[in-house]
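See structure below.
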Amino acid sequence: AAGVIQSPRHLIKEKRETATLKCYPIPRHDTVYWYQQGPGQDPQFLISFYEKMQSDKGSIPDRFSAQQFSDYHSELNMSSLELGDSALYFCASSWVSAGEQFFGPGTRLTVL
Amino acid sequence: GNSVTQMEGPVTLSEEAFLTINCTYTATGYPSLFWYVQYPGEGLQLLLKATKADDKGSNKGFEATYRKETTSFHLEKGSVQVSDSAVYFCALPSFGNEKLTFGTGTRLTIIP
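Respectively, the protein sequence lines represent chains A and B. For the first sequence, position 80 (counting from the first letter as 1) is numbered 80 according to my numbering, and the numbering increases by one without interruption. Just so we're on the same page, my numbering is the position in the second sequence counted from 1, plus 1000.
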């Protein structure tokens, strides 16, 4: 069965650089979520999209933005990167009426 | 808002031992409850879920029962294996939307 695809899997950036993370949800899923997991931490919700519209926003810094495109893939754009942005970034998708979220393998971002 | 309190870790057990990881929740209404597992270096995988009170979720020998009277969703397995070594997260959706709130995670190590 198709799963959530995230790219890249690993990304190394310098401070103050920008990064773009991509997420391809499971086909026919209408909702995408982004989570950030710091080292040894639980995942924290960043932002979500339902049918290409932002549906909820969590603790996402103003330096970050995201969108969902017409093909339902989503991108998380991160600017002015800081050392503290180093984390594992997960994308999850769901068919909202089912409630169950399926997670991608994550993108590990390292900021040097 | 909805929240979960999860048993502190880490937990170290011998192979074939009985496992319990405690999870209690605070919620408005009766949301679905989830256990996710994160194997070393991998993303989050849904282990099991329960959608209403007294439901029992089960998968790979793990079980958890949605207990309304004690607001609990404890994870159990009768005989653990080395391959069960991972971090386990209890989770539930926030009231009014679907973003997940996770517990702090319990790192489980099984020794042969």
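The C-beta atom is built at its ideal place from N, Cα and C for all residues, glycine as well.
Which residues share a DSSP beta bridge with residue i?
i                  : result
PHE102 of chain A  : A:SER93
TYR72 of chain A   : The partner list for TYR72 of chain A (beta bridge, DSSP) is empty, contrary to what the question assumes.
ILE12 of chain A   : A:THR110
MET78 of chain A   : A:ALA19 and A:PHE64
PRO1093 of chain B : B:LEU1100
LYS1077 of chain B : B:LEU1019 and B:PHE1062
TYR1088 of chain B : B:VAL1037 and B:THR1106
LEU83 of chain A   : DSSP lists no partner for LEU83 of chain A.
Tell me, to the nearest whole angstrom, how far the beta carbon of residue i is from that of residue j; I am working on the premise that it is less than 8 Å.
i                  : j                  : result
SER55 of chain A   : THR31 of chain A   : 7 Å
ALA1091 of chain B : GLY1105 of chain B : Their Cβ separation, rounded to whole angstroms, is 10 Å, which puts ALA1091 of chain B and GLY1105 of chain B out of contact at 8 Å.
GLY1043 of chain B : GLY1061 of chain B : Incorrect: roughly 21 Å between the Cβ atoms, too far for contact.
PHE45 of chain A   : LEU1108 of chain B : Contact doesn't hold; Cβ gap of about 24 Å is too wide.
List the residues of chain B that residue i touches, going by C-beta distances under 7 Å, in chain order.
i                 : result
GLU51 of chain A  : In chain order: nothing, as chain B lies at least about 13 Å away.
SER48 of chain A  : LYS1099
GLU100 of chain A : LEU1046 and LYS1049
Given that residue i touches chain B, what residues does it touch there, using C-beta distances under 9 Å?
i                 : result
SER86 of chain A  : Within chain B, no residue comes near SER86 of chain A; the closest Cβ sits about 16 Å away, beyond 9 Å.
ASP116 of chain A : Here chain A has residues from 1 to 112 only, and residue 116 of chain A is not among them.
TYR24 of chain A  : Chain B residues near TYR24 of chain A: none, gap ~14 Å exceeds 9 Å.
Name, please, each residue of chain B whose Cβ falls closer than 8 Å to the Cβ of residue i.
i                : result
ASP30 of chain A : Going along chain B, no residue has its Cβ under 8 Å from ASP30 of chain A, so there is no contact; the nearest lies around 11 Å.
Using a C-beta to C-beta distance shorter than 9 Å, which residues of chain A count as neighbours of residue i?
i                  : result
GLU1042 of chain B : PRO105 and GLY106
What residues from chain A crowd round residue i, counting only those whose CB sits closer than 7 Å?
i                  : result
THR1104 of chain B : ASP42
Check whether the stretch 101–109 of chain A and the stretch 1076–1090 of chain B touch, using three or more Cβ-Cβ pairs below 8 Å as the test. No: fewer than three Cβ pairs fall under 8 Å.
In chain order, each alpha helix (DSSP H) run of at least 4 residues that lies wholly inside the stretch 9–55 of chain A: none
Please determine if the stretch 1017–1034 of chain B and the stretch 1063–1083 of chain B are in contact, where contact requires at least 3 C-beta pairs separated by less than 8 Å. yes
contact_flag[the stretch 10–24 of chain A, the stretch 35–44 of chain A] where n(CB pairs < 8 Å) is 3 or more: no
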